[in-house]
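Notes follow once the structure below has been shown.
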Amino acid sequence: MRRGTVLVAFGVLLLAPVARASPGQAENLRIYQGIVTELRTAYLAICAPKDRAACARETAGPLVGRSCHTAIGDPQSYCGTYRIFYGRYRGKEYAVADFWGRHTGGTDQPIRFARAVGGSWRYVGDSGDPSSCGVPDAVASVWAWHRCTA
Numbered sequence: 200m201r202r203g204t205v206l207v208a209f210g211v212l213l214l215a216p217v218a219r220a221s222p223g224q225a226e227n228l229r230i231y232q233g234i235v236t237e238l239r240t241a242y243l244a245i246c247a248p249k250d251r252a253a254c255a256r257e258t259a260g261p262l263v264g265r266s267c268h269t270a271i272g273d274p275q276s277y278c279g280t281y282r283i284f285y286g287r288y289r290g291k292e293y294a295v296a297d298f299w300g301r302h303t304g305g306t307d308q309p310i311r312f313a314r315a316v317g318g319s320w321r322y323v324g325d326s327g328d329p330s331s332c333g334v335p336d337a338v339a340s341v342w343a344w345h346r347c348t349a
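Here's what the structure looks like:
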């Protein structure tokens, strides 16, 4: 009986790696510690160097969890639940996150980022709507997003 238990456990160990996405398939990845800082750094890099400190003070994000925000000159408080999407496909990693600007609010969100695996994140652009535009359809699919038709 003990021998059978060992064989079953060994079989499970052999199957575990197969459950991961194979090369060429998109993979939804877990958010790791530090991604918030990395994406914020990449996002703030689009600010002019002379304005970067002010841009950093006036920008919230990437937003994670439930939060409420206001824009300058707008008494309305905008609340939402936010998350970062992170995936890998064919040697590139993609992330999508929301930011909030004190002057611009949440216009043209979410923001898209990309990098080679192990590289530095770079700002790809804002998505507006639909959200999946700018990421491969395979990545949008593992995030359960609708396919971009724009």
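All you need for the working numbering is the position in the sequence shown, starting with 1, plus 199. For glycine and all other residues, C-beta sits at the position ideal for the given N, C-alpha and C.
Whole-angstrom distance between residue j and residue i, CA atom to CA atom
{"i": "ASP273", "j": "ARG301", "result": "10 Å"}
{"i": "ALA313", "j": "GLN275", "result": "33 Å"}
{"i": "ALA225", "j": "THR236", "result": "24 Å"}
{"i": "GLY233", "j": "ILE310", "result": "18 Å"}
{"i": "GLY317", "j": "ALA296", "result": "19 Å"}
{"i": "ALA337", "j": "VAL263", "result": "24 Å"}
{"i": "THR303", "j": "HIS345", "result": "26 Å"}
{"i": "ARG289", "j": "GLY223", "result": "5 Å"}
{"i": "ILE230", "j": "ALA259", "result": "18 Å"}
{"i": "GLY335", "j": "ARG239", "result": "As written in the sequence, residue 335 is Pro, which differs from the Gly given in the question. Distance between the alpha carbons of PRO335 and ARG239 is about 22 Å."}
{"i": "ARG256", "j": "ASN227", "result": "31 Å"}
{"i": "TRP299", "j": "TRP342", "result": "22 Å"}
{"i": "ARG287", "j": "SER319", "result": "14 Å"}
{"i": "ILE271", "j": "TYR285", "result": "31 Å"}
{"i": "GLN308", "j": "LYS291", "result": "22 Å"}
{"i": "THR269", "j": "TYR242", "result": "20 Å"}
{"i": "GLY305", "j": "TYR277", "result": "9 Å"}
{"i": "VAL217", "j": "PRO261", "result": "Its pLDDT being 34, under 50, VAL217 is placed unreliably in this model, and the coordinates cannot settle the point."}
Sub-8 Å separation of residue i and residue j beta-carbons
{"i": "CYS332", "j": "SER326", "result": "yes"}
{"i": "TYR322", "j": "ALA244", "result": "yes"}
Three-state secondary structure (DSSP) of residue i
{"i": "ARG229", "result": "coil"}
{"i": "CYS332", "result": "coil"}
{"i": "SER326", "result": "coil"}
{"i": "VAL341", "result": "helix"}
{"i": "ALA252", "result": "helix"}
{"i": "ILE245", "result": "coil"}
| Can you find at least 3 beta carbon pairs, one from the stretch 247-256 and one from the stretch 277-287, that sit closer than 8 Å? | no
| task | Write down every uninterrupted run of the beta strand (DSSP E) in the stretch 255-330 whose length is 3 residues or greater and which is fully enclosed by it, in chain order. | result | 264-268, 277-281, 284-288, 291-296, 310-315, 321-325
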